[in-house]
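Per the working numbering, the very first residue in the sequence shown carries number 58; after that it's consecutive. Shown next, in structure tokens, is the structure this report addresses.
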Amino acid sequence: MLPSELLRASYWRGNIRPKYSGFSAADLQAAEAVIRAYAENVGRKRAWIRERILELEDLYGFKFVRGLALLVER
């Protein structure tokens, strides 16, 4: 489960609804980039990987990339 600060949601008519990935090309590119960042840096310090994740956040969005990174780490 994602922490609440990484959850993307909308509020409509008194209901809170999570926003899921639309599986767009950009979302899939982001997922591939996050996985690649971890796979290519096995054995390096976490700080090194986090720097790469920060770069990806600028490209694809903070909450989405951090959520993907959290799932990869688990």
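Ideal Cβ positions, reconstructed from N, Cα and C, are used throughout, including at glycine. Quick caveat: nothing in here was measured; it's all calculated off a predicted structure.
query                                                                                                                                                                 : result
Return the chain-ordered ranges of every alpha helix (DSSP H) run that is complete within the region 65-131 and spans a minimum of 4 residues.                        : 82-96, 103-117, 119-130
Which residues in the same chain as Ser-67 place their Cβ atom closer than 7 Å to its Cβ, once the five residues preceding and following it in sequence are excluded? : Arg-74, Lys-76
Short check: CB of Ala-96 to CB of Leu-125, under 8 Å?                                                                                                                : no
Counting C-beta neighbours from all protein chains within 10 Å, is the total for Arg-93 16 or more, i.e. buried, or is it exposed?                                    : exposed
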